[in-house]
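Trainee: Once you've had a glance at the structure underneath, I'll fire off some questions.
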Amino acid sequence: MKQKLQDLTISELKKYFWERVTASDWEDKYYPNHIAKTIAIESADLLRIFQWTDSIESWQKIEVESEKLLAASKIIEILSYTIMLAELINVDIVEIIKKSQNSVS
Numbered sequence: 339m340k341q342k343l344q345d346l347t348i349s350e351l352k353k354y355f356w357e358r359v360t361a362s363d364w365e366d367k368y369y370p371n372h373i374a375k376t377i378a379i380e381s382a383d384l385l386r387i388f389q390w391t392d393s394i395e396s397w398q399k400i401e402v403e404s405e406k407l408l409a410a411s412k413i414i415e416i417l418s419y420t421i422m423l424a425e426l427i428n429v430d431i432v433e434i435i436k437k438s439q440n441s442v443s
């Protein structure tokens, strides 16, 4: 039975994203500064979707399926590069989340 995407763990996502990198033979291009720049660029692309909209218009815009899909593709790009950067610089995302939640409570 195929695992549903929403059931994936962080470890499985890391593995999935790194397999894409390896399959594309991009490992030698992955430096922290390059990935950080890419995250910023992809974030700007996501922001562009909502540029010149007010709060209500932003909700209306995302109800358009093509805009929602575009936003989703940008979100997954940002997520994948963020996970890869964390892995590259040895930051345990789950541990950081736990620590930040403990400091709030």
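Going by this note's numbering, the sequence shown opens with residue 339, and the numbers climb by one from there.
The beta carbon of each residue, even a glycine, is placed where N, CA and C say it ideally should be.
Bear in mind the structure is a predicted one, so any value in this text is a computation, not a measurement.
Which word fits V432, buried or exposed, when buried means at least 16 other C-beta atoms lie within 10 angstroms of its C-beta?
Mentor: exposed
Trainee: Less than 9 Å separating the beta-carbons of I400 and L351?
Mentor: If you check the CB distance, I400 and L351 do not come in under 9 Å.
Trainee: Going by other Cβ atoms of all chains shown within 10 Å of its Cβ, with 16 needed for buried, is I373 buried or exposed?
Mentor: buried
Trainee: Determine the DSSP secondary structure at N440, reduced to helix, strand or coil.
Mentor: helix
Trainee: Kindly indicate the opening and closing residues of the alpha helix (DSSP H) around N371.
Mentor: P370 to F388
Trainee: Do L417 and I387 have their C-beta atoms within less than 9 Å of each other?
Mentor: no
Trainee: Considering only their Cβ atoms, is the gap separating E380 from Y354 smaller than 9 Å?
Mentor: No, these two residues do not count as a Cβ contact at 9 Å.
Trainee: Give a yes or no on whether 9 Å exceeds the smallest Cβ distance from L384 to chain B.
Mentor: Protein chain content of the structure displayed is limited to a single chain, and chain B is not contained in it.
Trainee: Could you tell me the boundaries of the alpha helix (DSSP H) in which S362 lies?
Mentor: It is not in any alpha helix (DSSP H) - S362 carries neither H nor E in the DSSP assignment.
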